[in-house]
Structure formats: structure tokens, C-alpha cells
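So the structure is just underneath, and the comments pick up after that.
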Amino acid sequence: MKKHCKNFIFIIGALLIFQSCNKSDNETNKANCYVNDVTTRQVVNKQATIQVINGQFYIIESNTIDEKLRPCNLAIDFQINNLQVIVSGNVKATPQIGMPCCTQNFVITSITK
2 MKKHCKNFIF IIGALLIFQS CNKSDNETNK ANCYVNDVTT RQVVNKQATI
52 QVINGQFYII ESNTIDEKLR PCNLAIDFQI NNLQVIVSGN VKATPQIGMP
102 CCTQNFVITS ITK
């Protein structure tokens, strides 16, 4: 009986340790920005350039005119001016009052250099 209790306690302890090491909370937090905003379109594997304008990072899609995507979850590894990337994500409905023209909120779902 004691052997079964020790095994049970060991299994429960191991599960708690593995659960606390789970990184999904960090990934979920990144995706939780602009959650109340409607997705107006999806970007899928699009070539783009990271640009810094007045201290703010934007994603400029290739072959677009005047549209800037303002990512809420751009990882520090990608915060490099003029970096060429392939990006996917969700463009969110964004009020244009008080913002530079044609700037859209953006949630990145994947990005590669």
C-alpha cells in the first residue's frame, strides 16, 4: 500500500512540475492583444518589411500602398529596422481617428526572417 501511495505522490508531483514548465501562457498572452476588435482580414505568408517610424515598429506588406500594420506582439528578435520577413496574422478593425492614415492593428500568428 505504501508503495502505491509513493508512486501516486511521485506521479502527481511530476505532473505539477511539467505543468508549471508549460510556456503556453506566454504564447497565449502574446495572442491576447486586440481581442475585442473584429478581424477584418487575414495575412498569410506575406513578404513584408519591418520599419521603425517615430519609434514605433510597423510591418509594411510588399506591394501595398500607404498601409502600415501595427503589431502588438512583435518579438524582440524581429524589432530591426528594414528587416525582411514572411508574416501571417490577423488585421483588426482600427479606428483611424488621431492615427497616421492607413494604420491597422495587427496580431502576428507567425513570422520568420
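In terms of the numbering used here, the sequence shown opens at residue 2 and continues consecutively.
Backbone N, C-alpha and C define an ideal beta-carbon position, used for all residues, glycine too.
Note that the structure is predicted; figures quoted are calculated from it, not measured.
Residues Val-92 of the same chain have their beta carbon placed closer than 7 Å to that of Arg-42, with the five preceding and five following residues left out of the count. Out of Asn-46, Lys-114, Ile-51, the CA that lies nearest to the CA of Arg-71 is found in Ile-51. Boundaries of the beta strand (DSSP E) around Lys-47: 40-54. Here Ile-61 carries a strand assignment [DSSP, helix/strand/coil]. The beta carbon of Cys-102 lies closer than 7 Å to those of Asp-67 in the same chain, with the five residues before and after it left out. Note on geometry: alpha-carbon atoms of Asn-74 and Val-108 lie some 6 Å from one another. Under the DSSP assignment, Phe-107 falls in the beta strand (DSSP E) whose first and last residues are 104-113. Counting of Cβ neighbours within 10 angstroms places Ala-49 among the buried residues, the total reaching 16 or more. Beta bridge pairing from DSSP links Val-36 with no other residue. With 16 or more other Cβ atoms inside 10 Å of its own Cβ, Asn-106 counts as buried.
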